[in-house]
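**Q** Just passing along the structure, written as structure tokens.
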Amino acid sequence: QNEEKWDFVLVSDIHEMGSEKEIKRKKFLDELSKKGFTIKKIEDTKLFYGVRAPQHIFRKYQCLLKNPDSRQQNPNTHQDVPVTTRIRIVHFILQNTVTSDLEKLRDLMKKKVFEAAFPLHEKEEVREFLKAKWARWRVVFKQQPIEKIRCYFGEKVALYFAWLGWYTYLLVFAAVAGLVTVVAGTTVYSSSQVSKEICDANTTIMCPLCDQKCPFWVLSDTCTYAKVTHMIDNEATVVFAMFMAIWATVFLELWKRERATVVTDWDLYGWDEEEEELALELINNLQHEPRLYQHSYFRSTIVLVLVLLMIVLLIGIAHALVIYRVVAMALFTQSQLELLREHANTMAVMTGAVLHYITIVIMTKVRSHTGPWALLPFLEKPRTFSQRENSFTVKIFTFQFFTNFSSLIYIAFFLGRINGHPGHYVRIAGRWRLEECHPSGCITDLFIQMAIIMLLKQTISNIMEYLVPWISHHLRKKPKHPKKRRMMLGEEEEAEDPCKRQWLNNYELNEVNVFSLFNEFLEMVIQYSFTTIFVAAFPLAPLLALLNNVIEIHMDAIKMMRLHRRMVPRKANDIGIWLQVLEAIGILAVIGNGLVIAITSDFIPVQVYKYMYSPCSRENRTVMDCSTGYINNSLSVFRIQDFEPHTNVPDMLPEFDGDQIKEYRDYRNADDYTYTVQFWHIFAARLAFLILFEHVALCVKLIAAWYIPDIPQKVKNKFLGKKHSNLRKEL
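Numbering (UniProt numbering), first residue to last: 1 to 731.
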């Protein structure tokens, strides 16, 4: 039985005898034979070559690395190398075997000499266990068998699932806090003084929302919208934003502890990737000289310039979305449909959000297929595979981050702040005026945008992520029992090789590559950004993320076990550079939420009004609500005769015919439209709050990071005991 175990399978088209491809293939297989590999050929519609490495290769590996995969103390007994290690070693040798034409397997695959190379999903006990107890929908709420995942897919995949499970578990607390915040907001849904004032303002006439065909309107028309806004925009949100800043830190600190425990159990805590790679190079070729570390400031500058150009391109796309919304708003307000005219602003925001989602999907596709990424490794010349992966990770994450967030950053911090005022609007191409925030505040626009993007990403993207591999797997499948030609000719049928069916089944599964796991990580880290960075505007983000992850874990499991070929196991003792990326997101989250509360929400203007301008500040009235009169105070006056000449001034509302003064949300003087003193008071208060919030949140983050040690005591004590016993033995 053991003799029929094959480490790898190479697949090739059937080439003509003597053709260039056939000669190249033979040269490569001859090189493998020289290294002592056993090769078995099976012919079907393709040529399949089973490859098995000789035992002496694994012995060398065990000797060189002092047998890290065996826990036996007696150096003379040889344990079998685990399957994951076998596959990893064979994969390395296959990738680094050079033919007499100085070509490696990668070059041969580009030239279509070989079509595929993959390790096999074997009928091992571990696989059957994982299929039954992990890669199924019915075990959604059970704990993951991380140890078994490691035995089948290697440490890197096991750590991904350990991290994802841990993140999902801690999301429960964030989701509950977010839900409590929204529920707290719902209780003040109708009782908020500010929204009451908006609902009662049926004599306050507001300036038209566009230049042509837009009527004057009454502030009380936005009553429902105002109530929704104050459901999100209240004191509870400030507390929740602070809580999420602490949550992000605690999550990472606890993950570091969890990872230290898991990796210690695997005996990999002090594992050195560089040593492992050098050992594999020498096993493959004794004459091998190590690649040296290289660094060039010139190359780094080129990479930096390329990355900046890419960011500029993505900001350009965000600008295009802004222009779309401005034009859409103008078109919707002139529409024949009354529904569109009345809700032009909301419709522009919602269609803009859907368009933003579409650009995210398109840019992700562009990123995965082309882009300057192919050039970067050659420019930077990283030494090891993980260095190349780290460099790639940072660039791609930056790309995806700007793709996802540039439009949200505009809505949060620029929308409604750079659009001028009635009589002097800022216009695109001198024609379309920049959009304003909704009269009841900008935070609702951000809420809608985030809700739409998160919901679309989690429904459509996830369905596609599962359906595409499922459909392509079923399309690749061949009918199980084709009619045999020999039977029809009356010849005797030879017994079918038992390997043939297994190799074919594996070949019919979807291809995996080095970046399959990278893409899963990227998706989760972008989701983590949505869950933390603008969470003050969308407290339900952690709940959506939690529901998504419960499904995601099992969807990934099913894809890996049933729909994809087996991944080449990779050894690792942490999640790599993703940890630094997550820490950077944690800091961005503090800045982002501080800015949302200080700039986007009405929290600061209301507080400034309460303590400096309200009736309470003048006399000590404990009975009345201190925000009484806030809405009237936040409106500025505009004279109709000051409209720009090309503005189509609408007819007056019948019941307010003689009134020549209209209002808009801003703090400006009535005579010359300059900013009032109150505007600068609020501006100063926003800055003060931002500095205070960020410093307090960052201090709390630092205290939390200090309070929770990265490495648990029992792990430290285990190492201490091991060092002590080793030294005693030496003596």
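Cβ atoms here follow ideal geometry from the backbone N, Cα and C, with glycine treated the same way.
Computed from a prediction, not measured in an experiment: that's the story for all the values here.
Which whole-angstrom value is the C-beta distance of Thr346 and Lys213, which I expect to be below 8 angstroms?
**A** Incorrect: roughly 18 angstroms between the Cβ atoms, too far for contact.
**Q** Considering just the uninterrupted stretch of the alpha helix (DSSP H) at Gly629, what are its terminal residues?
**A** Run containing Gly629: none; DSSP gives neither H nor E here.
**Q** Assign Tyr297 to one of two classes, buried (16 or more other C-beta atoms within 10 Å of its C-beta) or exposed (fewer than that).
**A** Exposed: under 16 other Cβ atoms inside 10 Å.
**Q** In chain order, what are the residue ranges of uninterrupted beta strand (DSSP E) at least 3 long that sit wholly in the segment 234-316?
**A** Counting whole runs of 3 or more residues, the segment 234-316 contains no beta strand (DSSP E) stretch at all.
**Q** Kindly indicate which three-state DSSP category Asn404 falls into: helix, strand or coil?
**A** In this structure, Asn404 counts as helix in the three-state DSSP scheme.
**Q** Can you grab the Cα-Cα spacing for the pair Gly316 / Leu467, in whole Å?
**A** Each residue's alpha carbon lies about 33 angstroms from the other.
**Q** For residue 732, is the classification buried or exposed, using 16 other Cβ atoms within 10 angstroms of its Cβ as the cut-off for buried?
**A** This structure cannot settle anything about residue 732, because the visible part of the chain is limited to 1 through 731.
**Q** By DSSP's criteria, Trp432 is part of a beta bridge. Which residues make up the other side?
**A** In the DSSP output, where bridge partners are listed per residue, Trp432 has Ile428.
**Q** In three-state terms, what does DSSP make of Val113?
**A** Reduced to three states, the DSSP call for Val113 is coil.
**Q** Taking the CB atoms as reference points, tell me whether Phe28 and Leu108 lie closer together than 8 angstroms.
**A** In contact: Phe28 and Leu108 (Cβ atoms closer than 8 angstroms).
**Q** Exposed or buried, what is Gln294 when buried is set at 16 or more other beta-carbons lying within 10 Å of its beta-carbon?
**A** Exposed: under 16 other Cβ atoms inside 10 Å.
**Q** Which residues mark the beginning and the end of the beta strand (DSSP E) in which Phe414 is found?
**A** No beta strand (DSSP E) holds Phe414; DSSP gives it neither H nor E.
**Q** For His421, does the three-state DSSP call read helix, strand or coil?
**A** Of the three classes helix, strand and coil, the one that applies to His421 here is strand, per DSSP.
**Q** Pick from Phe534, Gln527 and Met560: whose alpha carbon is nearest that of Ile149?
**A** Comparing Cα-Cα distances from Ile149 to each of Phe534, Gln527 and Met560, the minimum goes to Met560.
**Q** In or out: Pro208 buried (at least 16 other Cβ within 10 Å) or exposed?
**A** Pro208 should be labelled buried.
**Q** Identify whether Arg668 lies in helix, strand or coil by the three-state DSSP scheme.
**A** Three-state DSSP puts Arg668 in a strand.
**Q** Between which two residues does the alpha helix (DSSP H) harbouring Gly165 extend?
**A** Its alpha helix (DSSP H) spans residues Glu155 to Thr187.
**Q** Taking the C-alpha atoms as reference points, what is the distance between Thr187 and Gln193?
**A** The straight-line gap from Cα to Cα measures roughly 13 angstroms.
**Q** I'd like to know if the segment 12-27 and the segment 55-65 are in contact, where contact means that at least 3 CB-CB pairs between them fall below 8 angstroms.
**A** The segment 12-27, when compared against the segment 55-65, does not touch it at the 8 angstroms Cβ threshold.
**Q** Can you tell me whether DSSP reads Leu219 as helix, strand or coil?
**A** It is helical.
**Q** Classify Leu563 as buried or exposed, calling it buried when 16 or more other Cβ atoms lie within 10 Å of its own Cβ.
**A** Buried, by the Cβ-count rule.
**Q** Going by other Cβ atoms of all chains shown within 10 Å of its Cβ, with 16 needed for buried, is Trp217 buried or exposed?
**A** Answer is buried; the Cβ neighbour count reaches 16.
**Q** Of all the options Glu274, Thr398 and Phe399, which has the alpha carbon lying nearest to the alpha carbon of Gln387?
**A** The residue with the shortest Cα to Cα distance from Gln387 is Glu274.
**Q** Which word fits Asn404, buried or exposed, when buried means at least 16 other C-beta atoms lie within 10 angstroms of its C-beta?
**A** Buried, by the Cβ-count rule.
**Q** Please confirm whether Thr674 and Arg668 have their CB atoms less than 8 angstroms apart.
**A** Cβ atoms of Thr674 and Arg668: closer than 8 angstroms.
**Q** Within 10 angstroms of the Cβ of Gln400, are there 16 or more other Cβ atoms? Answer buried if so, exposed if not.
**A** Under this definition Gln400 is a buried residue.
**Q** Would you be able to state if there are at least three C-beta pairs under 8 angstroms between the segment 249-264 and the segment 166-179?
**A** With the cut-off at 8 angstroms, the segment 166-179 and the segment 249-264 touch.
**Q** Quick check on the DSSP output: the alpha helix (DSSP H) that includes Leu720 runs from which residue to which?
**A** Where Leu720 is concerned, the enclosing alpha helix (DSSP H) stretches over Gln713 to Glu730.
**Q** Buried or exposed, going by whether 16 or more other CB atoms sit within 10 Å of the CB of Met17?
**A** Its Cβ having fewer than 16 others within 10 Å, Met17 is exposed.
**Q** In terms of alpha-carbon separation, which member of His343, Arg106, Val596 and Ala117 lies closest to Val512?
**A** Comparing Cα positions, the closest option is Ala117.
**Q** For Val590, does the count of other Cβ atoms within 10 angstroms reach 16, so buried, or fall short, so exposed?
**A** The residue is buried, with at least 16 neighbouring Cβ atoms inside 10 Å.
**Q** Using three-state DSSP, classify His15 as helix, strand or coil.
**A** Correct three-state label for His15: coil.
**Q** With Lys381 as the anchor, note down where its beta strand (DSSP E) starts and where it stops.
**A** Careful: Lys381 lies outside any beta strand (DSSP E) and carries neither H nor E.
**Q** Can you give the beta carbon distance from Phe161 to Ile146, rounded, assuming they're within the 8 angstroms contact cut?
**A** The Cβ separation is near 6 angstroms, so the contact holds.
**Q** Write down the C-beta distance between Phe251 and Leu170 rounded to the nearest angstrom, noting that I regard them as a contact closer than 8 angstroms.
**A** Contact holds; Cβ gap of about 5 angstroms.
**Q** Assuming Phe48 is part of the alpha helix (DSSP H), what are its boundary residues?
**A** It is not in any alpha helix (DSSP H) - Phe48 instead sits in the beta strand (DSSP E) that spans Leu47 to Arg52.
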